[in-house]
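Student:
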């Protein structure tokens, strides 16, 4: 077959067919690709009165689910760096001699580094994830140990792909901090509580078989149900699903780093001048230093001007919980809780609403919260003069980050503001061409750095409003030049032709690829 | 004499490359790159070279840049001047300045370096740091020791140590010294800059001290952390009413051309030179606060 190169709307040249991924639908714009066909549905199942779902071990669950070579299995990453479950399941699968599995993870963390051995031994031959860091990422970027591309999807894109049947999950393993004998579960109670369980809500609905793995079997019926027993085949009780110290600790505090605070303060000035901060506005901010710190200044402004927002969304932190409890927002929409303060709030406060990743960000359903946002604050590893954002690879080409919900919320929000320092170590953040396009520039409105503020020329009305409000703006080209006077122009790392990862846009088109480093 | 707002003077160690490229971004009126206490002995040369390169290459915009040089009595002090002035440094803080002779010694060295490098005579300015009882007692003679002296600053840590006094948040033990420093600055017609507040967790205490320093007559405050800058600026921002009155006085004074003396009437009130000077200060602070252009 002759492989042609095509240029997508993000100006990236990619092959029209990628071995190990398949045919490429090129990215054509944030809402250009519409869905067709019907949603996927798993086989019907039935339950007999009195039948038990409780199994004695993970091994028994693997056997009962009849996991075979070549199947697709899924996991969530709500336990973050404290996750024990993925490794336990994969070790059992490896012991049973099963090979060639395709993993569908909401993200992979440093807790999952034992996967490297399973990849080397052929147990795992496919990875779908939102993020990849540490040793696995290095091994894939430098040595292509998987032998075929990883598929990166956004949080909304993953939910979409599962619902569309592009990702058919044979067996979903769901770590559950609270679960009853029938598999009703939630993520907010128990010693391993992590809060909202937005990612596996989708897996449970569409996977052929679903196994709940819990360290906290509670009396039936569980009083608060995030994923219902109607979707669960088996329940396995183990001693511990994760290390509480690494799951969610305390409350995510606002940074004290003066540079991050400076950027946040400038971003807050931009937000207030933009006119978007008014009664009933909706808001989301990433949990990173500067983006979370925007909340500190925003709160002062809301207090002084007696403004109350409608909802704050996303990954929820203690800062957002304070917003809710102190009456600055009517509600929180939570797909993933970042700290135990958020998990506790979800349990006690009915206005702290749990949502699935599909309700959060899937572009191909009948309504997601990302599309209801007025203001979104994002961070970035790199941003280019077309306002494209990279949050996945470093300037050396090595995978070290995630897509997360950034492309989803940037597309949905009325105002998308990127907060970033102009340089990290000696590497400039503003470049003429990002290493990998993750969030397309046409969905990004403003860049706020410690050295200046730039507005995407695609938003001339914003330029006018901010200028009238006395905010000094720079063109992104002049900011780049200013930074390069200090850092010099870094040499671009040359990469090989081998594709080690495909970056899907939220609608399933391909926005970029990641190539193996030389 | 150049008159500009010096509400905040942010300390930044000169051996920290990141601070050399970012310190001026926090909005302080002045940044003071420290070659003295913040830099350990083994790093003195490297810090000086780093600062020299920074002065040559970085555009610090409107921020007034100072360097706290090592005392001339040390092996580093004179080289600090000889290397940094040709690199662009024009304002330096003389640490542990106790008597007018210290100022004169630096003044002579600066004259020599200016001549050698073809820099306008008198272009380099000095800020004297008064940190001991002797320095405070000599404040007036130090402040008038050279036309290069543009401000004097008060350093409370060494002062209380030398006095055997206990540093308290209320600062009663510093009241007399602070007043004397402000008086000396007023006599010389220069700025007085107050000492640092180190307890970053006590924001309320910091605010109280800044208010009290401002009321005593200090032109500004030394800051050890960027988070202090906005707080100081807010306190030093005049209220609208005060500003309107001051603008009226300044305009009337300009129209009457009475800079050399005399009295005018504004809104039925007698206005003389000290009142005009105060009004000018308020207008200057309002400009710095962005209230007027």
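Protein chains in written order, with the numbering used here: chain W, 1 to 518; chain R, 1001 to 1293.
Don't be surprised by glycine CBs; every beta carbon is placed ideally from N, CA and C.
Looking at residue 156 of chain W and residue 386 of chain W, is the spacing between their C-beta atoms short of 8 Å?
Tutor: On the first chain, position 386 is the one that residue 386 of chain W refers to. On the first chain, position 156 is the one that residue 156 of chain W refers to. No; because the gap between Cβ atoms is not below 8 Å, this pair is not in contact.
Student: Using a cut-off of 9 Å between C-beta atoms, extract the partners of residue 1227 of chain R located in chain W.
Tutor: On the second chain, position 227 is the one that residue 1227 of chain R refers to. Within 9 Å Cβ-Cβ: 256, 258 and 261.
Student: Nearest to residue 500 of chain W by CA position, among W:109, W:59 and W:148, is which residue?
Tutor: Residue mapping note: residue 500 of chain W aligns to position 500 of the first chain, counting from 1. If we check each option's Cα against that of residue 500 of chain W, W:148 comes out closest.
Student: Any beta-carbon of chain W closer than 8 Å to the one on residue 1001 of chain R?
Tutor: Taking the second chain and counting its residues from 1, one reaches residue 1001 of chain R at position 1. A caution first: residue 1001 of chain R carries a pLDDT of 47, below 50, which makes its placement in the model unreliable, though a value can still be read off. Closer than 8 Å: no.
Student: Which residues, taken in chain order from the region 419 to 453 of chain W, show a beta carbon closer than 7 Å to some beta carbon of chain R?
Tutor: Hits within the stretch, in order: 450 and 451.
Student: Leaving out the 5 sequence neighbours to the left and right, which residues in its chain are closer than 7 Å to residue 230 of chain W when beta-carbon positions are compared?
Tutor: Numbered from its first residue, the first chain carries residue 230 of chain W at position 230. No residues qualify anywhere along the chain.
Student: Straight-line CA distance for residue 302 of chain W to residue 510 of chain W?
Tutor: Position 302 of the first chain, counted from the start, is the residue given in the question as residue 302 of chain W. Position 510 of the first chain, counted from the start, is the residue given in the question as residue 510 of chain W. Each residue's alpha carbon lies about 40 Å from the other.
Student: Would you list, in chain order, the members of the region 285 to 314 of chain W that have their beta-carbon closer than 7 Å to a beta-carbon of chain R?
Tutor: So the list is empty, because no residue satisfies the distance condition.
Student: What did DSSP end up calling residue 512 of chain W once you bin it into helix, strand or coil?
Tutor: What you label residue 512 of chain W is simply residue 512 of the first chain in a count that begins at 1. Correct three-state label for residue 512 of chain W: strand.
Student: Residue 1163 of chain R by DSSP, collapsed to three states: which one?
Tutor: Numbered from its first residue, the second chain carries residue 1163 of chain R at position 163. DSSP places residue 1163 of chain R in helix when its eight states are reduced to three.
Student: I need the straight-line Cα distance from residue 1001 of chain R to residue 1191 of chain R, nearest angstrom please.
Tutor: Taking the second chain and counting its residues from 1, the one referred to as residue 1001 of chain R is at position 1. Taking the second chain and counting its residues from 1, the one referred to as residue 1191 of chain R is at position 191. Model confidence at residue 1001 of chain R stands at a pLDDT of 47, short of 50, so the residue's coordinates are unreliable and nothing is read from them.
Student: Excluding the five sequence neighbours on either side, which residues of its own chain have a C-beta within less than 6 Å of the C-beta of residue 1246 of chain R, listed in chain order?
Tutor: In the second chain, the residue the question calls residue 1246 of chain R occupies position 246. So the list reads 1279, 1282 and 1283, once near-sequence residues are dropped.
Student: Where does residue 1228 of chain R fall in DSSP's three states?
Tutor: Looking up residue 1228 of chain R in the second chain gives position 228. It is helical.
Student: Taking Cβ-Cβ distances below 8 Å as the criterion, which residues of the region 478 to 512 of chain W are in contact with chain R?
Tutor: Answer in chain order: 485 and 486.
Student: Give the residues of chain W in contact with residue 1031 of chain R, contact being defined as C-beta atoms less than 7 Å apart.
Tutor: As a first step, residue 1031 of chain R is located in the second chain; it is residue number 31 there, counting from the start. Correct list: empty, because the minimum Cβ distance to chain W is about 13 Å.
Student: Helix, strand or coil for residue 118 of chain W per DSSP?
Tutor: Taking the first chain and counting its residues from 1, one reaches residue 118 of chain W at position 118. Correct three-state label for residue 118 of chain W: helix.
Student: Verify whether the separation of the beta carbon atoms of residue 1292 of chain R and residue 1266 of chain R is less than 8 Å.
Tutor: Along the second chain, read from residue 1 onward, the residue named residue 1292 of chain R stands at position 292. Along the second chain, read from residue 1 onward, the residue named residue 1266 of chain R stands at position 266. No, the pair does not count as a contact, with Cβ atoms beyond the cut-off.
Student: If we ignore side chains and look at the alpha-carbon of each, how far apart do residue 115 of chain W and residue 1158 of chain R end up?
Tutor: Numbered from its first residue, the first chain carries residue 115 of chain W at position 115. Numbered from its first residue, the second chain carries residue 1158 of chain R at position 158. C-alpha separation (whole angstroms): 59 Å.
Student: If distances are taken between C-alpha atoms only, which option among R:1244, R:1102 and R:1065 comes closest to residue 1130 of chain R?
Tutor: Position 130 of the second chain, counted from the start, is the residue given in the question as residue 1130 of chain R. When each option's Cα is compared against that of residue 1130 of chain R, the closest is R:1102.
Student: What is the residue span of the beta strand (DSSP E) that residue 1092 of chain R lies within?
Tutor: Counting from 1 along the second chain, the entry for residue 1092 of chain R is found at position 92. Here the beta strand (DSSP E) through residue 1092 of chain R covers 1091 to 1094.
Student: Give every residue of the same chain whose Cβ lies closer than 8 Å to the Cβ of residue 1055 of chain R, excluding the five residues on either side of it in the sequence, and list them in chain order.
Tutor: Counting from one through the second chain, the residue named residue 1055 of chain R turns up at place 55. 1065, 1084, 1087, 1088 and 1089.
Student: Could I get the ranges of all uninterrupted beta strand (DSSP E) runs contained in the region 65 to 116 of chain W, with 3 residues as the minimum, in chain order?
Tutor: Listed in chain order, the complete beta strand (DSSP E) runs (minimum 3 residues) inside the region 65 to 116 of chain W are 72 to 75 and 101 to 105.
Student: Bridge partners for residue 236 of chain W per DSSP, in chain order?
Tutor: Position 236 of the first chain, counting from 1, holds the residue named residue 236 of chain W. Looking at the DSSP assignment, residue 236 of chain W forms a beta bridge with W:55 and W:213.
Student: Do the CB positions of residue 103 of chain W and residue 73 of chain W come within less than 8 Å of each other?
Tutor: Reading the first chain from its first residue, position 103 is the one you call residue 103 of chain W. Reading the first chain from its first residue, position 73 is the one you call residue 73 of chain W. Cβ distance < 8 Å, so residue 103 of chain W and residue 73 of chain W count as in contact.
Student: How is the alpha helix (DSSP H) around residue 158 of chain W delimited, first residue to last?
Tutor: Reading the first chain from its first residue, position 158 is the one you call residue 158 of chain W. That run of the alpha helix (DSSP H) goes 155 to 164.
Student: Just to confirm the assignment, what range does the alpha helix (DSSP H) spanning residue 1083 of chain R have?
Tutor: The count along the second chain starts at 1 and reaches residue 1083 of chain R at position 83. Here the alpha helix (DSSP H) through residue 1083 of chain R covers 1077 to 1084.
Student: Expressed to the nearest angstrom, what Euclidean distance is found between the alpha-carbon atoms of residue 78 of chain W and residue 337 of chain W?
Tutor: To locate residue 78 of chain W, count along the first chain from 1; it is residue 78. To locate residue 337 of chain W, count along the first chain from 1; it is residue 337. Looking at the two C-alpha atoms, the distance is approximately 8 Å.
Student: Could you name each continuous alpha helix (DSSP H) segment of 4 residues or more that falls completely within the region 3 to 64 of chain W, going from the start of the chain to the end?
Tutor: Whole alpha helix (DSSP H) segments, 4+ residues: 58 to 64.
Student: Taking the alpha carbon of residue 470 of chain W as the reference point, which residue from W:270, W:16 and W:325 has its own alpha carbon closest?
Tutor: As a working mapping, residue 470 of chain W is identified with position 470 in the first chain. Ranking the options by Cα distance to residue 470 of chain W, first place goes to W:270.
Student: Can you list, in chain order, the residues of its chain with a C-beta nearer than 7 Å to that of residue 452 of chain W? Leave out the 5 residues immediately preceding and following it.
Tutor: Reading the first chain from its first residue, position 452 is the one you call residue 452 of chain W. The residues are 474 and 479.
Student: State yes or no: is the C-beta of residue 209 of chain W within less than 8 Å of the C-beta of residue 243 of chain W?
Tutor: Here residue 209 of chain W corresponds to residue number 209 of the first chain, with the count starting at 1. Here residue 243 of chain W corresponds to residue number 243 of the first chain, with the count starting at 1. No.
Student: For a test of the three-state rule: what should DSSP assign to residue 1263 of chain R, helix, strand or coil?
Tutor: On the second chain, position 263 is the one that residue 1263 of chain R refers to. The answer is coil: DSSP assigns residue 1263 of chain R none of H, G, I, E or B.
Student: Within the continuous beta strand (DSSP E) that includes residue 502 of chain W, where are the two ends?
Tutor: Sequence index remark: in the first chain, residue 502 of chain W carries index 502 (1-based). Element bounds for residue 502 of chain W: 495 to 504.
Student: Hey, could you find the ends of the alpha helix (DSSP H) residue 295 of chain W is sitting in?
Tutor: Within the first chain, numbered from 1, the residue matching residue 295 of chain W stands at position 295. Where residue 295 of chain W is concerned, the enclosing alpha helix (DSSP H) stretches over 289 to 304.
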